[in-house]
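Peer 1: Keeping their order, the protein sequence lines are chains A and B.
Going by my numbering, 204 is the number at position 181 of the first sequence; the sequence numbering is gapless.
Going by my numbering, 1967 is the number at position 665 of the second sequence; the sequence numbering is gapless.
Ideal Cβ placement from N, Cα and C applies to all residues, glycine included.
Keep in mind it's a predicted model, so treat the numbers as computed, not measured.
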Amino acid sequence: MSATVPFHRVNVLTGIKSARMIEDAGEYAKLIKRAKRPLLVLGPLLVKGSLNGRFLIEYAFEIAKSASIPICATGHVKVKMMEAGVKPDSEYDVVEIINALKDPDWMGVKKEGNHDLVIFFGIRSDFAEQGLSVLKHFAPHLKTMTLCKFYFPHANYSLPNIKKDEQWKEFLEALISNLRG
Amino acid sequence: MAELKEIRKRLEEIEKLIKAEIAWEPVGPTPMPEVPALRNWDMRLLKTYAPWYAPFCDLCCLCTFGKCDLTEDRRGACGIDIATQQARMVLLACLIGCSCHTAHGAHILEYLIEKHGPDKKIDLGRGIEVEAPHIRTVIGLKPETLSDLKIAIEYVYKEITHLLDSVHTGQEGSYLDYESKALHAGMLDHVGMEAADIAQIVGFNYPTSVAETPLVGLGWGAIDKTKPVILVVGHNPVTSTALIDYLRANNLYDKVEVGGICCTALETTRYSDRAKVVGPLSRQLFFLRTGIPDVIMTDEQCIRTDMPIEASKAGSALIATLDKAMYGLPDATEMATEEIVKQMVGEKKHFAILEPAKAAEVAVKVAMEIAPQRKKEWLSEEEAKGLAERCNDCGMCERVCPNLFSIGDGIIEVAKGNFDLIREQFRRCIGCGKCEEECPREVPIFKIMQTAASKESWKIRAGRGPIMDTEIRNVGASITLGTIPGVVAFVGCSNYPDIEDLAEMVEEFAKRKYIVVVSGCAAMVAGMKKDADGKTIYEKYPPDFDGGGIVNVGSCVANSHITGAAIKVVNIFAKLPLRGNYEVVADHTLNRLGACGVAWGAYSQKAAAIGTGCNRLGIPVILGPHSSKYRRLYLSRKEEGDWRVMDARTKEVVDTGEPAPEHLTYVCETKEKAMVMIAKLCIRRNDTPQGRAIKLNHYISLYKKYMGGGLPEDLHLFVRRDADLPIVYKKEARVYLQEIGWKPKEPVGLPTLIGTYPSKVSVDSVI
Ligand code: SF4
Ligand code: SF4
Ligand code: SF4
Chain A
24 MSATVPFHRV
34 NVLTGIKSAR
44 MIEDAGEYAK
54 LIKRAKRPLL
64 VLGPLLVKGS
74 LNGRFLIEYA
84 FEIAKSASIP
94 ICATGHVKVK
104 MMEAGVKPDS
114 EYDVVEIINA
124 LKDPDWMGVK
134 KEGNHDLVIF
144 FGIRSDFAEQ
154 GLSVLKHFAP
164 HLKTMTLCKF
174 YFPHANYSLP
184 NIKKDEQWKE
194 FLEALISNLR
204 G
Chain B
1303 MAELKEIRKR
1313 LEEIEKLIKA
1323 EIAWEPVGPT
1333 PMPEVPALRN
1343 WDMRLLKTYA
1353 PWYAPFCDLC
1363 CLCTFGKCDL
1373 TEDRRGACGI
1383 DIATQQARMV
1393 LLACLIGCSC
1403 HTAHGAHILE
1413 YLIEKHGPDK
1423 KIDLGRGIEV
1433 EAPHIRTVIG
1443 LKPETLSDLK
1453 IAIEYVYKEI
1463 THLLDSVHTG
1473 QEGSYLDYES
1483 KALHAGMLDH
1493 VGMEAADIAQ
1503 IVGFNYPTSV
1513 AETPLVGLGW
1523 GAIDKTKPVI
1533 LVVGHNPVTS
1543 TALIDYLRAN
1553 NLYDKVEVGG
1563 ICCTALETTR
1573 YSDRAKVVGP
1583 LSRQLFFLRT
1593 GIPDVIMTDE
1603 QCIRTDMPIE
1613 ASKAGSALIA
1623 TLDKAMYGLP
1633 DATEMATEEI
1643 VKQMVGEKKH
1653 FAILEPAKAA
1663 EVAVKVAMEI
1673 APQRKKEWLS
1683 EEEAKGLAER
1693 CNDCGMCERV
1703 CPNLFSIGDG
1713 IIEVAKGNFD
1723 LIREQFRRCI
1733 GCGKCEEECP
1743 REVPIFKIMQ
1753 TAASKESWKI
1763 RAGRGPIMDT
1773 EIRNVGASIT
1783 LGTIPGVVAF
1793 VGCSNYPDIE
1803 DLAEMVEEFA
1813 KRKYIVVVSG
1823 CAAMVAGMKK
1833 DADGKTIYEK
1843 YPPDFDGGGI
1853 VNVGSCVANS
1863 HITGAAIKVV
1873 NIFAKLPLRG
1883 NYEVVADHTL
1893 NRLGACGVAW
1903 GAYSQKAAAI
1913 GTGCNRLGIP
1923 VILGPHSSKY
1933 RRLYLSRKEE
1943 GDWRVMDART
1953 KEVVDTGEPA
1963 PEHLTYVCET
1973 KEKAMVMIAK
1983 LCIRRNDTPQ
1993 GRAIKLNHYI
2003 SLYKKYMGGG
2013 LPEDLHLFVR
2023 RDADLPIVYK
2033 KEARVYLQEI
2043 GWKPKEPVGL
2053 PTLIGTYPSK
2063 VSVDSVI
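(1) Relative to ligand 2, is the shortest distance from any of its heavy atoms to the C-beta of B:P1845 smaller than 7 Å?
(2) Could you check whether the region 1439-1458 of chain B touches the region 1319-1333 of chain B, counting it as contact only if at least three pairs of C-beta atoms, one from each stretch, sit closer than 8 Å?
(3) Thinking C-beta only, is B:K1832 closer than 8 Å to B:W1760?
(4) Got a sec: does ligand 2 put a non-hydrogen atom nearer than 7 Å to the Cβ of B:I1732?
(5) Please confirm whether any heavy atom of ligand 1 lies closer than 7 Å to the CB of B:A2070.
(6) May I have a chain-ordered list of the beta strand (DSSP E) segments no shorter than 3 residues that lie completely inside the region 1481-1551 of chain B?
(7) Short check: CB of B:Y1555 to CB of B:E1663, under 8 Å?
(8) Determine the burial state of B:W1326: buried for a count of at least 16 other Cβ atoms within 10 Å of its Cβ, exposed for fewer.
(9) With a 10 Å radius around its C-beta and 16 neighbouring C-beta atoms as the bar for buried, classify B:I1525 as buried or exposed.
(10) Among the residues of its own chain, which have a CB less than 8 Å from the CB of B:D1876, if the five just before and after it don't count?
(11) Using a beta-carbon distance below 8 Å, is B:E1308 in contact with chain A?
(12) B:W1354 versus chain A: which residues are under 9 Å apart at the beta carbon?
(13) Should the region 1835-1855 of chain B be called in touch with the region 183-199 of chain A, which here means at least 3 C-beta pairs below 8 Å?
(14) Ligand 3 and B:G1300: does the residue's C-beta get closer than 7 Å to at least one heavy atom of that ligand?
(15) Between B:K1321 and chain A, is there a C-beta pair that is closer than 8 Å?
(16) What residue range does the beta strand (DSSP E) around B:L1935 cover?
(17) Any chance the CB of B:R1591 is under 7 Å from a heavy atom of ligand 3?
(18) Can you check whether the C-beta of A:H31 is within less than 8 Å of a C-beta belonging to chain B?
(19) For the beta strand (DSSP E) that B:W1354 lies in, which residues bound it at each end?
(20) In whole angstroms, what is the alpha-carbon distance linking B:V1793 and B:V1900?
(21) Work out the CA separation of B:L1935 and A:G72 for me, nearest whole Å.
(22) Could you pull out every residue in the same chain whose Cβ sits closer than 6 Å to the Cβ of B:R1763, ignoring the five residues on either side in sequence?
(23) Just mark B:I2029 as buried or exposed, buried being the case when its beta carbon has 16 or more other beta carbons within 10 Å.
(24) Considering only residues of the same chain and omitting the five flanking positions on each side of B:C2077, which have a CB-CB separation below 7 Å?
(25) Just tell me which of B:I1864, B:E1496, B:A1498 has its CA closest to the CA of B:P1922.
(26) State the Cα-Cα distance for the pair B:T1972 and B:G1926, rounded to the nearest angstrom.
(27) Can you find a C-beta in chain B that's less than 8 Å from the C-beta of A:M44?
(28) Chain A beta carbons: is any one of them nearer than 8 Å to that of B:S1618?
(29) Indicate whether at least one CB of chain A lies closer than 8 Å to the CB of B:G2011.
(30) Take B:D1596 and list the residues in its own chain whose beta-carbon comes closer than 8 Å to its own, dropping the five residues that flank it on each side.
(31) Determine the extent of the beta strand (DSSP E) in which B:R1946 is found, giving its start and end residues.
(32) Sorted by chain position, which residues of the same chain lie with C-beta nearer than 6 Å to B:A1389's C-beta, five sequence neighbours on each side aside?
(33) Under the rule that 16 or more other beta-carbon atoms within 10 Å means buried, what is A:I146, buried or exposed?
(34) Run the proximity test for B:K1369: is its beta-carbon closer than 7 Å to any non-hydrogen atom belonging to ligand 1?
(35) B:I1398: which of B:A1950, B:A1910, B:N1538, B:G1427 sits nearest, CA to CA?
(36) Using DSSP bridges, identify the partner residues of A:P61.
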């Protein structure tokens, strides 16, 4: 099997343990549903980004809602959330939340125990890769997943590099309906 | 016995070197420290601010035992684990940075000692009596002459060797010890920088003890390209000062244009305010490809390694002037000047010339000869459109862009005659050239960018070097008590998510009456924005080290004056001795001095060293998103962290529960977050209620401005008593505090970490 090259080549993995690439929204949904305490970490790319006229953050809200996943707002994401009338369940920067997640004894954003699946969405890919690497190496007690349209080698589960936004939109929509179902 | 004898011998040597017989201050516990001397301090810091590692990859590729897979608790063939391997790489980066500054210092010093003799007195002008705060504190020496600076440099050299030795395969096995060594390297770096800048100031007679340094031209728009143009690139002013001397001596000062990129630009404008600052590192390749420079003179650090290729492409002549970067060029130092000029003009050859005066003469002669034949035309919009039409939207450029944006989209818009997007992208471009290199259609992206690049020029205040003792006297109390909300230093390279972030952040804090200090490429970029009246920040804010002032200290080596200012506050305001007294000085800074460094665009290993040096001295540093690639941060866990201090007055250990400062090295993804964090990281345990209220006022108002309303979730951790609450937010904050069951606590009278960990230093020495 030849390795998948991430879209942004600054993120090329040098090593042996790279993410499982998953294209099927149903499989993604299963992984999320199977998790006991998932967490959705939202990054600032969602503040401006849109997909066919719909703000990316709206997809994030729907994913969170349909599977009852708590949200952690990073960067200045909270601004956009408050505008939309959604209060994040927690507010940590990417490095802060990762630092907390690293500790198996951390009680998590709901104070119910550390999370077992962390889903990242909307963080610049180089920064996200570095963060995912922290968890890959120092947090064996949890799995990581990404929802951005690029392949993230340091995650456990990642989307492939998606060429067309339309495809990405389809995936996110299918994910939402699978999570609801 | 033998060991004791050794120690005594070493002490004697040190005492001799630091002239212990001159009793300007008693010699403190750690003159000329080796790693173990400050290890306990480091370990205490690392307990609260634990290293956070973000490995690039899974492997270690350092030796022939490997490569070794270090995933999932595997250890390398040498026994190392992934954390320790990361720490080793961090130490290596800090050593590279420290070596750059120190070797630069050594080179300048050697040159200047030859010029002026070893006994040339150090005089930094009126108002500066504490001439070398780092050298005094770390080494225990009060340098009086150039040759005294050599003692400092030689000490740093020796320590570098020891530290470098420890990264060898099969040595240090603890990430904490590697971090302690990295902190040591960081501290040494500031000594090296200080020695370098003092030497420069003294040897080149740079103006100092003046706040109002001249405003000089900034941007390529400031360059008069009708004249022969010589571009100096790098950090070391030995060559550019020789160039100015030559022009002055030969009546050519008006006839040749000298511009600089990177720190050497800042250095040159301290020597001649007619020289221009072309811009930061991110504009290097772009400017080279405009073809405006007739002659390029490189020195060291942060110069492109493909200079000969780029120079040839643009038809510019290249002279390498320092042994650190000779590009495989023939060394023409011994060749006759006329012969070099002939070959450079006639055969378009590039040379290395390691004798500054000679290099200067050649540069001027070549520039005067070739300039009239060279065309330096900017691309017209029509031409750009034509070139952009070659793009077939393959997206290759986007995939290799380290700043992760699609320059291809901008090019496609240009092809349609729309330049808006590329103009915006040019602000985000870090100038690496990867896009153009990768483009299968050979679209000349950099050339097309010319139409996006503003031809306007700006003003930058020439770097001024050290902060005056008089200024420290005026603000010492306000900084320590917290009524000046903080000192924020914007420093470093130009690896920004967006070049405008910097000017915006600088202005936000100047308006809020923080003391704002800038240096290096950050100082340039901060000036590259005008307000509605056409004014840059340097024209709008006073150049004083005071609340609401913006001080450009100068080049990267001048960063030592920023940390030096912190040390001076400890000495001049708090009256604590400096001599060999590093631990007390660092402890004071950590607990009582609201300072924060921001290296928003850090790219260089020097920035790693500078930042780590700030950390050992108790100053937190915020970095931009690219800097996650430094692989290591120092983070606390505010709720779980150890926030105990000793109250030096009552001698009791108190758990303050107060994460102040919360982190030592922190990466932010956006400028919005960075600004909120800056305000927070300026909070110190020693703030008076009035000072704390001012700091919290800024923290809350920045939070409301950039984070979307409400109060920060961790506000309660920073409120000790009701009096700490800022008036404007009192009502709202009281409701919040009541809601979460906050209880008031007594502020600590004289907070110190000394006494909470094993140390030779007694608690009484902090009073
Ligand atoms: S230094 Fe150690 S971990 Fe690295 S390649 Fe050599 S044996 Fe392996
Ligand atoms: S030169 Fe600019 S646009 Fe091109 S790859 Fe580098 S940062 Fe990206
Ligand atoms: S690589 Fe070249 S052809 Fe491809 S999108 Fe970029 S500029 Fe256009």
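Peer 2: Concretely, from the data shown:
(1) Outside the cutoff, so no.
(2) With a cut-off of 8 Å, the region 1319-1333 of chain B and the region 1439-1458 of chain B count as touching, because enough Cβ pairs lie within range.
(3) In this structure, B:K1832 lies closer than 8 Å to B:W1760 by Cβ.
(4) Placement of the Cβ of B:I1732 at a distance of less than 7 Å from at least one heavy atom of ligand 2 is found.
(5) Beyond the ends of chain B as shown, which are 1303 and 2069, falls residue 2070 of chain B; an answer cannot be given.
(6) List check, beta strand (DSSP E) in window: 1517-1520, 1531-1535.
(7) Cβ atoms of B:Y1555 and B:E1663: not closer than 8 Å.
(8) Taking all protein chains shown into account, B:W1326 has fewer than 16 neighbouring C-beta atoms within 10 Å of its C-beta and is therefore exposed.
(9) So B:I1525 counts as buried.
(10) For clarity, residue 1876 of chain B is Ala in the given sequence; the question names Asp instead. Correct list, in chain order: G1778, T1782, H1890, R1894.
(11) It does not; no Cβ of chain A falls within 8 Å.
(12) Those within 9 Å of B:W1354 in chain A are V118, I121, N122, K125, V157, F161.
(13) They do not touch, by the three-pair rule.
(14) Outside the shown range of chain B (1303 to 2069) lies residue 1300 of chain B, about which nothing can therefore be said.
(15) False, the Cβ-Cβ gap to chain A never drops below 8 Å.
(16) Residues 1934-1937.
(17) No, ligand 3 has no heavy atom inside 7 Å of this Cβ.
(18) By this cut-off, A:H31 is an interface position.
(19) The continuous beta strand (DSSP E) containing B:W1354 extends over residues 1352-1355.
(20) About 6 Å.
(21) Just so you know, the alpha carbons of A:G72 and B:L1935 end up roughly 29 Å apart.
(22) Around B:R1763: T1515, L1517, Y1840, P1845, N1854.
(23) The residue in question, B:I2029, is exposed, as its Cβ has fewer than 16 Cβ neighbours within 10 Å.
(24) Because chain B in this structure spans residues 1303 to 2069, residue 2077 of chain B falls outside the shown range and cannot be described.
(25) Of the candidates B:I1864, B:E1496, B:A1498, the residue whose Cα lies closest to the Cα of B:P1922 is B:I1864.
(26) Each residue's alpha carbon lies about 7 Å from the other.
(27) No, A:M44 does not count as interfacial toward chain B.
(28) With 8 Å as the cut-off, B:S1618 does not count as an interface residue toward chain A.
(29) At a cut-off of 8 Å between beta-carbon atoms, B:G2011 makes contact with chain A.
(30) Result list for B:D1596: P1530, V1531, I1532, S1618, A1619, V1668, A1669, I1672, A1673, R1676, in chain order.
(31) Taken as a continuous stretch (DSSP letters only), the beta strand (DSSP E) holding B:R1946 covers 1946-1949.
(32) Answer for B:A1389: Y1477, Y1480, E1481, listed in chain order.
(33) Buried is the call here.
(34) Judged by the Cβ position, B:K1369 qualifies as a neighbour of ligand 1 at the 7 Å threshold, a heavy atom of the ligand being closer than this.
(35) The shortest Cα separation from B:I1398 among B:A1950, B:A1910, B:N1538, B:G1427 belongs to B:A1910.
(36) According to DSSP, A:P61 bridges with A:L140.
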